[in-house]
Amino acid sequence: MSVNSKKVPMRKCVATGEMRPKKELVRIVRSKEGLVSVDLTGKKSGRGAYLSKDKEAVLLAKKKNILANQLDVAIEDSVYEELLDLIEKEQGQSK
Numbered sequence: 001m002s003v004n005s006k007k008v009p010m011r012k013c014v015a016t017g018e019m020r021p022k023k024e025l026v027r028i029v030r031s032k033e034g035l036v037s038v039d040l041t042g043k044k045s046g047r048g049a050y051l052s053k054d055k056e057a058v059l060l061a062k063k064k065n066i067l068a069n070q071l072d073v074a075i076e077d078s079v080y081e082e083l084l085d086l087i088e089k090e091q092g093q094s095k
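Read in order, the letters of the sequence shown are residues 1 to 95 in the UniProt record's numbering.
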């Protein structure tokens with residue numbers, strides 16, 4: 001490993017429990033007001049949870065209420081729909 005190579009920030013997916021590079025995950029954040037949103041910049045303030053950019057991870061999180069437990073707030077279906085749309089768009093571009 002060379003001296004100037006950057007350390008890849010790793011985050012844990014709340015659904016699968018695997019550690020992955022931050023770029024492979026999407027952050028969901030709960031603001032102080034209790035609003036839940038998908039944080040594409042990774043810089044919004046609030047309580048964040050990371051999910052793999054993977055349809056199965058999102059569906060698992062929804063089924064088991066993992067995000068709701070992590071963020072201590074009810075998650076609207078629209079948040080999951082936004083995540084699934086985002087994943088589909090990204091996978092469409094990478095192929």
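Virtual Cβ for every residue (Gly too), placed ideally from N, Cα, C.
Between the C-alpha atoms of residue i and residue j, what's the straight-line distance to the nearest angstrom?
i: L60; j: S5; result: 35 Å
i: D39; j: S52; result: 13 Å
i: C13; j: E81; result: 18 Å
i: K62; j: G92; result: 23 Å
i: K23; j: M10; result: 9 Å
i: D77; j: D85; result: 12 Å
Given a cut-off of 8 Å, decide if residue j and residue i are closer than it, judged by their beta-carbon atoms.
i: L25; j: Y50; result: yes
i: R30; j: G42; result: no
i: D54; j: I28; result: no
i: residue 162; j: T16; result: There is simply no residue 162 to check, as the chain begins at 1 and stops at 95 in what is shown.
For the alpha helix (DSSP H) holding residue i, just list the boundary residues, first then last.
i: A57; result: K55 to K63
i: L71; result: I66 to L71
Rounded to whole angstroms, how far is the Cβ of residue i from the Cβ of residue j, which I believe are closer than 8 Å?
i: P21; j: V8; result: 5 Å
Among residues of its own chain, excluding the 5 on either side of residue i, which ones have a beta-carbon nearer than 8 Å to its beta-carbon?
i: E18; result: K12 and S52
i: G34; result: V73
i: N69; result: none
i: L83; result: V26, I28, V38, L51 and V58
State the start and end residues of the unbroken beta strand (DSSP E) segment that holds residue i.
i: P9; result: Where P9 is concerned, there is no enclosing beta strand (DSSP E), given that its DSSP letter is neither H nor E.
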